[in-house]
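Each residue of the sequence shown is one higher than the last, beginning at 6 in my numbering. No residue lacks a Cβ here, since even glycine has one placed at the ideal position from N, Cα and C. What follows is a short report on a single structure.
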Amino acid sequence: MSSHLAPSTNSKSSALSTSPSHSQAPSSSSQSHSHSHSHSHSHSHSHSHHHHTPHAIPTAALVEPPALFASVAPQIYRSATPAAANHSFVRTLKLRTILSLTAELPSPSLTAFCKKHGIRLLHFGLRRWGSQDISAREKHLAAEDNGEETGLDLSFLHSFKAPSAPSLAQYETASPTITEELVKDSLQILLTASYHPILVTDTSGIHEIGVLLGCLRKLQRWNFATILLEYRHFAGNRARATNERFVEMFDTDLITFPDQDQLPYWFREQIQADDDELDSIDPCS
Numbered sequence: 006m007s008s009h010l011a012p013s014t015n016s017k018s019s020a021l022s023t024s025p026s027h028s029q030a031p032s033s034s035s036q037s038h039s040h041s042h043s044h045s046h047s048h049s050h051s052h053s054h055h056h057h058t059p060h061a062i063p064t065a066a067l068v069e070p071p072a073l074f075a076s077v078a079p080q081i082y083r084s085a086t087p088a089a090a091n092h093s094f095v096r097t098l099k100l101r102t103i104l105s106l107t108a109e110l111p112s113p114s115l116t117a118f119c120k121k122h123g124i125r126l127l128h129f130g131l132r133r134w135g136s137q138d139i140s141a142r143e144k145h146l147a148a149e150d151n152g153e154e155t156g157l158d159l160s161f162l163h164s165f166k167a168p169s170a171p172s173l174a175q176y177e178t179a180s181p182t183i184t185e186e187l188v189k190d191s192l193q194i195l196l197t198a199s200y201h202p203i204l205v206t207d208t209s210g211i212h213e214i215g216v217l218l219g220c221l222r223k224l225q226r227w228n229f230a231t232i233l234l235e236y237r238h239f240a241g242n243r244a245r246a247t248n249e250r251f252v253e254m255f256d257t258d259l260i261t262f263p264d265q266d267q268l269p270y271w272f273r274e275q276i277q278a279d280d281d282e283l284d285s286i287d288p289c290s
């Protein structure tokens, strides 16, 4: 009996010793409830995750510039001929004009892109073939304004004649598409602000563009060594000594500048600064 009453001598101890077995059911119930809640939460999370899976994460459209794209001056750009994959990028430039120096006809996709976005496509590279129709075609493009006041005028462009025997020498000394008249007319386009923003292109993005922009740098009064550095930077191991000679021998006095108010501001300011610097030099020193 004493052994039976022994636990009662310490009721607190008895309560403590029996409490785990007494509270086991609630604990089990609590664990079961917790597990059920966890399962419910997991199920809800799984359901929520499953619900949102079909919605793809939005991504920005791929914008790829044309090969050898670069800025030449404010609102003047250069590149190889844009492919269809480059049109999204070209659109961001908000171009008014694309000047193509390549002899190949523009692709249908580029022609359609220019028409859709109101970009004037001047294809001077066709002059390589001495086409009789090109002048009329380009003047027609200039007149095709769709009501937009652009002030574009191609009346200064040279007439197109089949190459005479003496002019064939130019084809042997530079890129096949490049002639003195082509460079002169292209420079007059580049120096007329109403054509800007403008992208100059050729098939490679190197040769015809390299010659034209080398002559532009001469007009900007860059020294010839710096002009060669820029040309070779883009041309790499494809640089041509004949192109470099063309730039070196090009006579900038042949260029007829547009009116002062039509010149790009950066060109006008640079020439004025150079003239002021020359005037400040004492001729007697």
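Shortest alpha-carbon distance to residue i belongs to which of the options?
| i | options | result |
| --- | --- | --- |
| H201 | F129, R96, R101, T184 | R101 |
| P4 | F94, D207, R273, P87 | With the chain covering only 6 through 290, there is no way to say anything about residue 4. |
| R226 | I183, E235, G210, D279 | D279 |
| T197 | A244, G210, I81 | I81 |
| R222 | T206, S209, E249 | E249 |
| P71 | Q275, S209, R273 | S209 |
| I214 | V68, T257, I103 | I103 |
| A244 | P111, H212, D256 | H212 |
| L110 | L126, H122, K120 | L126 |
Hey, quick one: how far does the beta strand (DSSP E) through residue i stretch, first residue to last?
| i | result |
| --- | --- |
| T97 | Element bounds for T97: not the beta strand (DSSP E) but the alpha helix (DSSP H), 92 to 97. |
| T231 | Where T231 is concerned, there is no enclosing beta strand (DSSP E), although the alpha helix (DSSP H) it sits in stretches over 229 to 240. |
| S199 | From DSSP, S199 is part of no beta strand (DSSP E); its letter is neither H nor E. |
| L127 | 125 to 128 |
| L104 | 102 to 105 |
| A75 | 75 to 78 |
Could you name the residues of the same chain whose beta carbon sits closer than 7 Å to that of residue i, not counting the 5 residues immediately before and after it, in chain order?
| i | result |
| --- | --- |
| H298 | Shown here, the chain extends from 6 to 290; a query on residue 298 therefore has no answer. |
| L173 | Summary for L173: the model assigns pLDDT 34, below 50, so the residue's position carries little reliability; its value from the coordinates is reported in the next sentence. The answer is none, since no qualifying residue turns up. |
| Q265 | R273 |
| H92 | F118 |
| A240 | I211, G215 |
Identify, in the order they occur along the chain, each residue of the same chain with its Cβ nearer than 8 Å to the Cβ of residue i, setting aside the five sequence neighbours on each side.
| i | result |
| --- | --- |
| I62 | none |
| E253 | F229 |
| I286 | none |
Among residues of its own chain, excluding the 5 on either side of residue i, which ones have a beta-carbon nearer than 6 Å to its beta-carbon?
| i | result |
| --- | --- |
| L75 | The sequence given here places Ala at residue 75; Leu does not occur at that position. Around A75: R83. |
| P79 | W271 |
| F255 | C220 |
Using 8 Å for Cβ pairs, my map puts residue i next to residue j. What's the rounded Cβ distance?
| i | j | result |
| --- | --- | --- |
| V95 | L224 | That belief does not hold up - the Cβ atoms of V95 and L224 are roughly 26 Å apart, past 8 Å. |
| L106 | F129 | 6 Å |
| I194 | V216 | Incorrect: roughly 15 Å between the Cβ atoms, too far for contact. |
| L268 | V77 | Between V77 and L268 the Cβ distance is about 15 Å, and since that is not below 8 Å, they are no contact. |
| E69 | A89 | Not a contact, Cβ separation roughly 10 Å. |
| A85 | T206 | 7 Å |
With residue i as the anchor, note down where its alpha helix (DSSP H) starts and where it stops.
| i | result |
| --- | --- |
| A117 | 113 to 121 |
| Y82 | Careful: Y82 lies outside any alpha helix (DSSP H), inside the beta strand (DSSP E) at 81 to 85. |
| T206 | Where T206 is concerned, there is no enclosing alpha helix (DSSP H), although the beta strand (DSSP E) it sits in stretches over 203 to 207. |
| S285 | 270 to 285 |
| L224 | 212 to 224 |
| Y246 | The sequence given here has Ala at residue 246, not Tyr. Run containing A246: 246 to 254, per the alpha helix (DSSP H) assignment. |
- Message: Check whether the stretch 187 to 201 and the stretch 258 to 267 touch, using three or more Cβ-Cβ pairs below 8 Å as the test.
- Response: These segments touch.
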